[in-house]
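Residue numbers (full-length UniProt numbering): 1 to 428. In this text, a Cβ means the ideal position worked out from N, Cα and C, and glycines have one as well. The structure appears below as structure tokens.
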Amino acid sequence: MANRRTKKRHIGRKILFGVEILILIILVGVLFVYAQINKKLDKLDFQETNEDSQVQVQINESVAGSEVLSGYTNIALFGIDKRSEDDGLYGNSDTAIVASINNGTKEVRLVSLYRDTYLRVNVDKEADGIYNKCNSAFLQGGAPQAMTMMNTNMDLDIEDYVAVDFKAMATVVDCLGGLDVPMSYEEIVHMNNHCVETSEQTELDYTPIELPDPAPENEAEILGEYHLNGVQVTAYCRIRQTLSGDMGRTERQRRVLDLLADRAKSTSLTKLTSILDQVFPMIQTSFSKSELMKLGMSILSYKMGESTGFPVDYVMGQELTVPVTGLDCVIPTTLETNVKYLHEFLFGDKDYQPSEDVVKRSEFVKDRTGFGEGYVAKERKYLISDSQDTSETGSGNEDEDWNDDDTDSYDGYEEEYDDNGVDVSELE
């Protein structure tokens with residue numbers, strides 16, 4: 001398997017927020033439990049996924065009507081980076097995860113789709129493929145396009161979603177009384193730094209954790225459990241400056257997710273009601289009230305299963321001689337193989353054969369980047385050459401500075417997010 005070390009982006013690039021935990025806790029611990037209370041549900045932003053959208057949710061033809069998938073309820077959970085009240089929830093998607101509920105056993109499994117994964121993001125099957133970081137799909141077409149991106153690249157049948165603003169994370173944690181989270185020295189350093197901006201954006205307070213003196217020889221070793229408030233937990237979930245990068249970030253989020261789910265299930269009605277009042281206005285969902293009530297009636301029987309990230313096999317960072325499309329993408333090696341892993345993990349299908357659509361996309365990514373399963377053609381370790389004119393694609397990264405080292409600087413996060421894909425028909 002390829003080396004998974006990551007190059008760090010220039011400190012001026014905006015580091016987005018990781019909020020998948022908040023989404024699931026609302027989905028599992030709060031949203032479902034009291035979904036029958038109509039006066040609370042009225043605060044939710046209900047959306048008809050296809051009726052009012054210019055983008056129709058698509059499912060690969062061979063997947064539609066799958067007997068295996070019919071035994072599961074698959075839901076897309078999105079964390080949205082909302083920096084102003086005018087942004088709405090139709091903005092940058094920082095987090096995209098698949099929550100798969102086994103309808104028989106009530107086990108819930110989670111798969112975090114790494115936001116930098118290089119996938120086809122456009123929905124028009126008749127048009128040329130546009131390949132980019134997968135999180136650009138939400139920005140371009142909202143939840144319908146993001147669900148289509150997940151369905152068509154991963155052979156899924158997702159038709160419903162929940163989207164939440166990151167600010168709700170801190171609110172939920174504070175309402176639940178905080179969390180005891182195991183942390184290392186380096187995580188404390190980065191969390192304290194992230195807390196500065198997180199506190200400003202949420203207008204909530206925090207107290208920095210005092211660092212042990214002297215610093216331990218192994219700064220990545222867990223020092224113990226620390227009681228964190230809402231701002232601190234949100235900042236903890238943003239950390240991606242450690243060696244494990246975005247993959248370590250999603251592991252932290254899933255760790256916190258389990259803590260939140262357990263806490264919510266044992267929380268009093270009074271506190272849960274307070275959470276509903278404060279957080280529901282920050283939520284957008286395609287579920288109807290009746291669907292939420294049906295899910296809510298089953299909450300006590302749900303149990304958290306395993307979780308993982310997607311892709312499992314990939315190359316990124318220092319493996320790439322030139323950042324793919326001018327961006328530091330995660331290249332699945334291969335997409336086809338990773339989809340097989342995905343279906344075995346979620347649905348227990350060890351003999352799954354990916355659809356023709358997935359196979360074609362997998363071959364395209366392999367041919368374009370040179371990264372295949374267990375083999376890399378040295379002459380193909382790039383997508384765009386140094387001479388490629390990026391002005392037409394709008395990558396905006398021509399002058400981006402790359403730094404091999406972790407950085408402790410947390411300034412400059414307000415830089416505009418690059419949402420433009422690359423139309424492969426324009427590439428040589």
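Could you spell out where the alpha helix (DSSP H) holding residue i opens and where it closes?
i, result
"Leu-276", "269-279"
"Ser-66", "Element bounds for Ser-66: n/a, residue is neither H nor E."
"Glu-344", "335-347"
"Val-196", "185-202"
"Thr-369", "356-369"
By DSSP, does residue i sit in helix, in strand, or in coil?
i, result
"Asn-132", "strand"
"Thr-242", "coil"
"Thr-148", "helix"
"Met-316", "coil"
"Thr-393", "Interpretation of Thr-393 is limited by its pLDDT of 29, a score under 50 that renders its predicted location unreliable; no figure is taken from the coordinates."
"Ile-23", "Confidence in Ile-23 is poor, its pLDDT being 44 and thus under 50, which makes the residue's placement unreliable; the coordinate value appears in the next sentence. Here Ile-23 sits in helix by DSSP."
"Arg-115", "coil"
"Phe-138", "helix"
"Val-123", "coil"
"Thr-105", "coil"
"Asp-351", "coil"
"residue 430", "Lying outside 1 to 428, the shown extent of the chain, residue 430 is not represented and no answer is given."
Which term fits residue i, buried or exposed, when burial requires 16 or more other beta carbons within 10 angstroms of its beta carbon?
i, result
"Pro-212", "exposed"
"Lys-350", "exposed"
"Leu-243", "exposed"
"Ile-23", "Note that Ile-23 has pLDDT 44, beneath the 50 cutoff, so the model's placement of it is unreliable and no number is given."
"Val-68", "exposed"
"Pro-354", "buried"
"Lys-340", "buried"
"residue 430", "This structure cannot speak to residue 430, because the chain is shown only from 1 to 428."
"Ser-100", "buried"
"Ala-235", "buried"
"Ser-301", "exposed"
I need the straight-line Cα distance from residue i to residue j, nearest angstrom please.
i, j, result
"Ala-163", "Pro-214", "42 Å"
"Val-312", "Ala-96", "15 Å"
"Ser-266", "Ile-275", "14 Å"
"Thr-270", "Leu-228", "22 Å"
"Ile-130", "Gly-224", "45 Å"
"Leu-272", "Asp-357", "43 Å"
"Arg-263", "Phe-78", "22 Å"
"Tyr-185", "Leu-179", "18 Å"
"Tyr-161", "Pro-216", "43 Å"
"Asn-153", "His-194", "33 Å"
"Thr-117", "Thr-369", "13 Å"
"Asn-132", "Val-121", "6 Å"
"Pro-281", "Phe-371", "44 Å"
"Thr-207", "Gly-230", "11 Å"
"Gly-141", "Val-330", "22 Å"
"Lys-106", "Asn-74", "12 Å"
"Lys-167", "Asp-174", "12 Å"
"Leu-259", "Asp-128", "44 Å"
"Val-365", "Asp-277", "45 Å"
"Gly-177", "Met-247", "28 Å"
"Gln-284", "Asn-218", "42 Å"
"Glu-200", "Cys-134", "28 Å"
"Met-192", "Met-304", "Going by the sequence as given, residue 192 is Asn instead of Met. Answer to the nearest angstrom: the Cα atoms are 30 Å apart."
"Ala-137", "Arg-249", "21 Å"
At a cut-off of 7 Å, would you count residue i as near the ligand ATP, judging by its Cβ distance to the nearest heavy atom?
i, result
"Arg-254", "Only the bare structure without any ligand can be found here, which leaves the ligand ATP out of the picture."
According to DSSP, what are the bridge partners of residue i?
i, result
"Ser-307", "Leu-110"
"Thr-234", "BP columns for Thr-234 are empty, so no partner."
"Asn-74", "Ser-100"
"Glu-225", "Pro-182"
"Pro-208", "None, per the DSSP bridge assignment."
"Asp-160", "Ile-75"
"Val-330", "Thr-117"
Provide the residue span of the beta strand (DSSP E) that contains residue i, from first to last.
i, result
"Asp-174", "From DSSP, Asp-174 is part of no beta strand (DSSP E) but of the alpha helix (DSSP H) over 167-175."
"Glu-219", "Unbroken run through Glu-219: none, as it is neither H nor E."
"Thr-285", "283-285"
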